[in-house]
Amino acid sequence: MRIHRHRNRAPKFEAPTYRVNEQITNETVRVIDEEGAPLGVIKTTDALERAREAGFDLVEVSPKAEPPVCKFLEYGVFKYQKEKEARKAKAQSKEVEIKGIRLSLRIGVGDLETRKNQALGFMERGDKVKIEIVLRGREKAHVDVAKEVMTNFMESLKATYPLRIEQPFQAQAGRLTMIVARV
């Protein structure tokens, strides 16, 4: 069976849309000219005529204001600037992931150290860490031991980084979880 690697592509950045010229449906608008000077509240048709005489487009920059605020602008240049700002904001934002570390009741010292190093690596990148223990069979009677293993693991992580508990210890149907992150 073929694995589709390109199905979960991240969506392109979303640039805000602005109404221009005849797309503006309000009867009156608050107008700002090309130099930034306010012209006051004018009928949309009059504002559109003035914008065309000045050689600009009438762009609705604040549609939620009462009445909406419009500016005399070159729409292509304005749209390009807004898309550029959106791309820059997207590049600077980092999506925080939750990485999982699975422990067990009978985990050995070497394995525990390996899991600790993995968790520290995740935290260095800025990700949150979900510590998880799955109890099977008779292990379900020893939730207290599992909680102790998780607490010891968290304390060993605290020795390196100060931690913040995002989700406190939770027990649910034999699965114990806790989410921690770097402060």
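So the sequence shown is residues 10 to 192, counted in this note's numbering. Just so you know, even glycine gets a beta-carbon here, dropped at the ideal spot from N, CA and C.
Residues bridged to residue i [DSSP beta-bridge criterion]
i: S71; result: V78
i: M3; result: Any answer about residue 3 is impossible in this case: the structure gives the chain only from 10 up to 192.
i: T186; result: E141, Q179
i: D136; result: Per DSSP, none; premise fails for D136.
i: G49; result: V40
Helix, strand or coil at residue i [DSSP, three-state]
i: K108; result: strand
i: R145; result: coil
i: T34; result: coil
i: E175; result: strand
i: D120; result: helix
i: L114; result: coil
i: K125; result: helix
i: D42; result: coil
i: V192; result: coil
Minimum C-alpha distance to residue i - residue among the options
i: E45; options: K99, P25, K80, H151; result: Before going on, a small fix: residue 45 reads as Gly here, not Glu. Comparing Cα-Cα distances from G45 to each of K99, P25, K80, H151, the minimum goes to K80.
i: G64; options: D42, S71, D120; result: D42
i: V78; options: V40, M159, I174, Q179; result: V40
i: E58; options: E31, E175, N35, T160; result: E31
i: A56; options: K73, A74, E75, V29; result: V29
i: D153; options: S165, E175, Q179, R134; result: Q179
i: V86; options: L121, L67, P177, T37; result: L67
i: E69; options: R191, D120, T54, I33; result: I33
i: E83; options: Y27, Q176, T160; result: Y27
i: E133; options: K149, V105, Q181; result: V105
**Message:** Can you confirm whether the segment 136-155 touches the segment 178-187 when touching is taken to mean that 3 or more C-beta pairs between the two stretches lie within less than 8 Å?
**Reply:** Yes, since at least three Cβ pairs between the segment 178-187 and the segment 136-155 fall closer than 8 Å, the two stretches touch.
**Message:** Using 8 Å as the cut-off, can you tell me whether the segment 126-133 makes contact with the segment 150-170, which would need three or more C-beta pairs spanning the two stretches below that distance?
**Reply:** yes
**Asked** Does the segment 92-99 come within contact of the segment 109-124, defined as at least 3 CB pairs closer than 8 Å?
**Response** Inter-segment contact for the segment 92-99 and the segment 109-124 is absent: fewer than three beta-carbon pairs are separated by less than 8 Å.
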